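A short worksheet on the structure shown next.
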Amino acid sequence: MISVQNLSVEFSARPLFDNINYVINKRDRIALVGKNGAGKSTMLKIIAGLQSPTSGQVSVPADTTVGYLPQQMKLTDTATVIEEVRKAYSHVDEMKQRLDRMNNELATREDYDSESYRQLIEHVSDLTERLAMEQSENFEAEMEKTLLGLGFVREDFGRMTAEFSGGWRMRIELAKLLLVRPDVLLLDEPTNHLDIESIQWLEQFLVQKAGAVVLVSHDRAFIDNVTNRTIEISCGKIYDYAVNYSRFVELRKERVEQQMRAYQNQQKEIADTEAFIERFRYKATKAVQVQSRMKQLAKIERIEVDEVDTSRLNLRFPPAPRSGDYPVIADNVGKAYGTHTVFSGATFTIKRGEKVAFVGKNGEGKSTLVKCIMGEIPFDGSLKIGHNVKIGYFAQNQAQLLDESLTVFDTIDRVAVGDIRTKIRDILGAFMFGGEASDKKVKVLSGGEKTRLAMIRLLLQPVNLLILDEPTNHLDMATKDILKQAIKDFDGTVIVVSHDREFLDGLVEKVYEFGGGKVRECLGGIYEFLEKKKLVSLQELERNRPQAPAIKEKSAEDIPAKQHSAGAETEQKPRLTYAEQRERDKMVRRAAKKVQEAEDNIARIEAEIADIEAKIAAGDIDNEIFTLHNSRTRELETAMSLWELASQELDELKSRFQM
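Heads up, the sequence shown is in this note's numbering, so the first residue is -18 and it goes up one at a time.
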């Protein structure tokens, strides 16, 4: 579908890509991997047509559509969420306008026997058929389903986009891109602004509904679940594997080992040849053999070992000074902005040495509670920081706070104090900023390099409570693994805010779930939490409001307090009036009727498709039967979407009324 031919790119006379060739086929799910700065984002920009290569070309067929989601983009804030997302269907309005112009032309022309009139009729017929196919899909249902899947709630649809943070506005752009359904999706770090539930929804969408996908992501679980092909960029070349990332890691290790053996054998051969030449250079009887060996040496094509194995991040947090037994004690903590309550009644205790995760949808208060712990914002309730607790804080936007006009060395030199200043070069070298890299300007660093530089600040003084807010954004796989091991080896207390399941797996022993204005404690690791919450189910993700907790949770109301009694724990709901009961039953019956109608419609369309497929199997084939089959299949997809929305509405009503 898309062909990359002899692609080369140079920056400041340094080759980034060297004569690269590969093809993107239909239904390919490609993970583009490599070190930070290897050129992954550049590759996506070239395929998207936003950047030109030094030489070579990217061939995209005229009828192939390409959608691109960059890491950062300029966003407009002049519409509501639903109005902005509806722009994904602007091509339908253009088709309608074209059809109106053609119909007006037909009404005014009288050359009925001319070839141009016949062609105009054919164009009107084709465009009418395409428009009918486009309009057979329920746009409103698809927009709602996509926005809900990406973490929005219905109350958000009418809000102005300017009211949302940059991360949420990126979700709006992602929703528009997914609704357009391009033939090829290019996604650069799409999970950076998504929570765990939205990531899992996106996984399902890409696997089931997308065409070809090329993505750059440092979320290993995400790319393992989505991709079936891995292309690595290394040393200006590419290595193409028809496997997912986990299998690629194994095959890559074998490849590097083979490279190393071949390199060592070649070095031995070169050394032996040079020794022979040096030994017999001045002996006339060996002159012919010496000349032959010299020619042989000149013809050897030198083997290179992949650059990723020549440097290694060396990360270890300093020993933690001993703190009190309970570094963080929260009692009935809450935070509200005006009438909007972010969370309330948060009651929990974090013990010394524990490693815990804060998870939940964006906007539910994870970073807000971190700011409360840091004392950056006022809050309700009591939040005590234990004796001798020294906090090391990595904020979500830490990398963006760096002064881009400084060099790497100056950035650290300005914050280092005391004897540590004599070790700055050693520290930078341990973070792969050795040699000339320490003199680079911050503005030329990649996102991962900026994150590494910001992480160095945590090493400048010993702490015993690490609070890391999305520390893995922009970090490559190898660096994430090293950071994860360093946190596991750290002998202090750790709070991690992250949506990266693979990173949290095996790292934390307790999860605090943020949602519905509450903070709930869930014992066990991240995958135990996900399994108990049954978040791997697409239906559960789209519902986003489980009917009953699937795990034993603690919230502020669940804490056995001295005032609680058996009667209080079984608090009665206020009784509904007769009119309220009738209205409730009417709403539930109406929702149930929608579900039944949707199911009947699905059964009807499936029967029609079965009849069509029976005709095809019997050889009863004409020019229109495949068009009819395609049309009915699209109708079935729309009917399924309407059924899902109707079922979701019914479940929400039953949950609200506890029926």
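Cβ atoms here follow ideal geometry from the backbone N, Cα and C, with glycine treated the same way. Please read all numbers here as calculations on a predicted model, not as lab measurements.
(request) Return the bridge partner residues of residue 222 from the DSSP annotation. (result) 211
(request) Kindly confirm or deny that the segment 149 to 162 and the segment 127 to 141 touch, where touching means at least three C-beta pairs closer than 8 Å. (result) Verdict: yes, contact present.
(request) Could you work out which residue in 454, 618 and -17 is closest to residue 39 when comparing CA atoms only? (result) Ranking 454, 618 and -17 by CA distance to the CA of residue 39 puts -17 first.
(message) Taking 8 Å as the cut-off, does the segment 438 to 450 touch the segment 24 to 43 (at least 3 CB pairs, one atom from each stretch)?
(response) no
(message) Do residue 347 and residue 341 count as a contact pair if the criterion is CB distance below 8 Å?
(response) yes
(request) For the segment 421 to 437 and the segment 456 to 470, state whether three or more C-beta atom pairs, one from each stretch, are separated by less than 8 Å. (result) Segments in contact, yes.
(request) Starting from the Cα of residue 25, find the closest Cα among 13, 485 and 279 and give me that residue. (result) 13
(message) Does the structure place the segment 190 to 205 close enough to the segment -14 to 0 that three or more beta carbon pairs sit under 8 Å?
(response) In the pairwise beta carbon analysis, the segment -14 to 0 is classified as not touching the segment 190 to 205: fewer than three pairs are separated by under 8 Å.
(request) Any chance you could list the alpha helix (DSSP H) runs of at least 4 consecutive residues sitting entirely within the segment 12 to 63, in chain order? (result) 21 to 28
(message) Going by beta-carbon coordinates alone, are residue 316 and residue 384 separated by less than 8 Å?
(response) The answer is no: Cβ separation not under 8 Å.
(request) Jot down the residue ranges of each uninterrupted alpha helix (DSSP H) in the segment 317 to 402, minimum 4 residues, whole runs only, in chain order. (result) 347 to 355 and 389 to 394
(request) State buried or exposed for residue 382, treating a residue as buried only when at least 16 other CB atoms are found within 10 Å of its CB. (result) exposed
(request) Look at the alpha carbon of residue 189 and the alpha carbon of residue 595, and state the distance between them as a whole number of angstroms. (result) 25 Å
(request) Have a look at the DSSP bridge pairing and note the partners of residue 474. (result) Partner(s): 446.
(message) Do residue 76 and residue 112 count as a contact pair if the criterion is CB distance below 8 Å?
(response) yes
(request) Assign residue 522 to buried or exposed, taking buried as 16 or more other Cβ atoms, counted over all protein chains shown, within 10 Å of its Cβ. (result) At residue 522 the pLDDT is 36, less than 50, meaning the model places this residue with poor confidence and gives no usable figure here.
(message) Let me check understanding here. Comparing Cα to Cα, which of 141, 135 and 180 lies closest to residue 155?
(response) 180
(request) Would you please state the rounded distance, in angstroms, between the beta carbons of residue 11 and residue 230? I believe it to be under 8 Å. (result) Under the criterion of beta carbons closer than 8 Å, residue 11 and residue 230 do not qualify as touching, at roughly 16 Å.
(message) Using a Cβ-Cβ cutoff of less than 7 Å, which residues in the same chain neighbour residue 545 once the five nearest sequence positions on both sides are dropped?
(response) Interpretation of residue 545 is limited by its pLDDT of 41, a score under 50 that renders its predicted location unreliable; no figure is taken from the coordinates.
(message) Closest to residue 631 by C-alpha separation, out of 585, 569 and 612, would be which residue?
(response) 569
(request) Tell me whether the beta-carbon of residue 61 lies closer than 8 Å to the beta-carbon of residue 138. (result) yes
(request) To the nearest angstrom, report how far apart residue 389 and residue 403 are at their CA atoms. (result) 15 Å
(message) Classify residue 94: buried if its beta carbon has 16 or more other beta carbons within 10 angstroms, exposed otherwise.
(response) exposed
(request) Compute the distance between the beta-carbons of residue 21 and residue 214, then report whether it is under 8 Å. (result) yes
(request) Let me know the secondary structure DSSP gives residue 76 once reduced to three states. (result) In this structure, DSSP gives residue 76 a helical state, which the three-state scheme calls helix.
(request) Might you give, ordered along the chain, the residues of its own chain that have their beta carbon closer than 8 Å to the beta carbon of residue 6, omitting 5 neighbours on each side? (result) -18 and 193
(message) Between the alpha carbons of residue 565 and residue 571, how many angstroms are there, rounded?
(response) 10 Å
(request) Just mark residue 386 as buried or exposed, buried being the case when its beta carbon has 16 or more other beta carbons within 10 Å. (result) Exposed, because fewer than 16 other Cβ atoms sit within 10 Å of the Cβ of residue 386.
(message) If I measure Cβ to Cβ from residue 29 and keep anything under 8 Å in the same chain, skipping five residues before and after, which residues do I get?
(response) 47, 49 and 167
(message) Quick check: the Cα distance between residue 472 and residue 443, rounded to an integer number of angstroms?
(response) Spanning the two alpha carbons is a distance of roughly 11 Å.
(request) Please report how far the alpha carbon of residue 252 lies from the alpha carbon of residue 238, in whole angstroms. (result) 21 Å
(request) Can you check the segment 178 to 207 for any alpha helix (DSSP H) of at least 4 residues that lies completely inside it and give the ranges in chain order? (result) 201 to 207
(message) Taking the straight line between their C-alpha atoms, what separation do you get for residue 210 and residue 123?
(response) So the two alpha carbons sit approximately 29 Å from each other.
(request) Kindly indicate the opening and closing residues of the alpha helix (DSSP H) around residue 433. (result) 428 to 437
(request) Go ahead and pull the three-state DSSP assignment for residue 493. (result) strand
(request) Quick one: using the 10 Å Cβ neighbour count with 16 as the cut-off for buried, is residue 320 buried or exposed? (result) exposed
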